[in-house]
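> Add 14 to the 1-based position in the sequence shown for the working numbering, that's all there is to it.
Note that beta-carbon positions come from the ideal geometry of N, C-alpha and C, so glycine has one too.
Remember, predicted model here, so these are calculated numbers, not experimental data.
One structure is given below, represented as structure tokens, and several questions about it will come after.
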Amino acid sequence: MFCAALPEQGLGIALKCEDGTTRAAEVMIAAVFARLLGDDQELAERLLGIADSELKNWNGTEVGRVRAVLP
15 MFCAALPEQG
25 LGIALKCEDG
35 TTRAAEVMIA
45 AVFARLLGDD
55 QELAERLLGI
65 ADSELKNWNG
75 TEVGRVRAVL
85 P
């Protein structure tokens with residue numbers, strides 16, 4: 015469960031992810047903030063960069079990705 019507040023914008027969010035690790039929840043929270051803070055293009059782009067992360071094995075080889083898909 016992730017909860018966040020943006021008091022300046024009068025916003026609060028709560029997200030629950032059943033992934034079992036934090037990686038998917040971190041991607042989701044970054045994508046939601048990118049959407050909510052879209053007026054700040056630079057910040058939104060940085061957040062979207064977090065919302066698309068590589069999964070690597072112990073050898074450092076990319077074996078997958080975790081990414082948010084915004085409707």
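Which residue or residues does DSSP assign as beta-bridge partners of residue 70?
By 1-based counting over the sequence shown, the position of residue 70 is 56. Answer is 76.
> Count the other C-beta atoms from every protein chain shown that fall within 10 angstroms of the C-beta of residue 61, then say buried if there are 16 or more, exposed otherwise.
What you label residue 61 is simply residue 47 of the sequence shown in a count that begins at 1. Flag for residue 61 reads buried.
> Name the residue from 76, 26, 67 and 22 whose alpha carbon lies nearest to the alpha carbon of residue 12.
Nothing can be reported for residue 12: it is not among the residues displayed for the chain, which extend from 15 to 85.
> Could one say the Cβ of residue 64 lies closer than 8 Å to chain D's Cβ atoms, at least one of them?
The displayed structure is made up of one protein chain only, and chain D is not part of it.
> Which residues in the same chain as residue 78 place their Cβ atom closer than 6 Å to its Cβ, once the five residues preceding and following it in sequence are excluded?
In the sequence shown, counting from the first residue as 1, residue 78 sits at position 64. Result list for residue 78: 69, in chain order.
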